[in-house]
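Here is the structure we will look at.
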Amino acid sequence: METAWDFLSDPKNLKTITPDYMGFNILSGADRPMFAGQIIQYIVTPVMGIKTKWVTEITHSVKNDYFVDEQRYGPYAMWHHKHFIKPIDGGVEMEDIIDYKLPFGILGQLVHPIIVKPKLEEIFKYRTQKLEALFGVYKT
């Protein structure tokens with residue numbers, strides 16, 4: 350649990366588990382261990398090479414249990430991302446729960462199934478694969 354928490358709660362490790370094509374770059378806020386109230390500013394290039402500034406706040410953080418980040422400024426109308434970790438036989442399991450809303454009303458709703466949802470699934474699949482490569486996979 351300590352190893353998993355230390356890695357997942359260090360904002361600098363986000364770059365490691367984000368696909369390279371996204372051009373993920375932390376601008377500020379990753380200079381200390383995670384804490385509630387922490388503001389982290391990034392530049393990301395999620396689609397079509399368009400650079401986007403994204404500002405998140407860590408709103409909750411309970412060591413070895415969970416943390417929550419919420420968008421304060423960025424590409425979504427609303428972004429609320431809960432990260433839970435728990436011990437399982439032979440390892441640690443991480444669960445992400447994301448609630449979000451796209452901007453641009455009906456236009457946002459139209460592009461969601463074509464662009465946004467597949468892109469988010471791709472990003473989190475990459476994260477899973479990267480974490481498994483770094484820490485291994487427990488198989489029963």
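Residue numbers (this note's numbering): 350 to 489. Virtual Cβ for every residue (Gly too), placed ideally from N, Cα, C. Computed from a predicted model, the values in this text were never measured in an experiment.
Is Val411 buried or exposed, if buried means 16 or more other CB atoms sit within 10 Å of its CB?
exposed
Please go through the same chain and pick out, in chain order, the residues whose beta-carbon is closer than 6 Å to the beta-carbon of Leu376, but skip the five residues on each side of it.
The answer, listed in chain order, is Gln390.
For Val417, does the three-state DSSP call read helix, strand or coil?
strand
Measuring CA to CA, which of Asp414, Thr408, Asn413 is closest to Gln420?
Closest by C-alpha distance to Gln420, out of Asp414, Thr408, Asn413, is Thr408.
Applying the 10 Å Cβ sphere with the 16-neighbour rule, what's the burial state of Val486?
exposed
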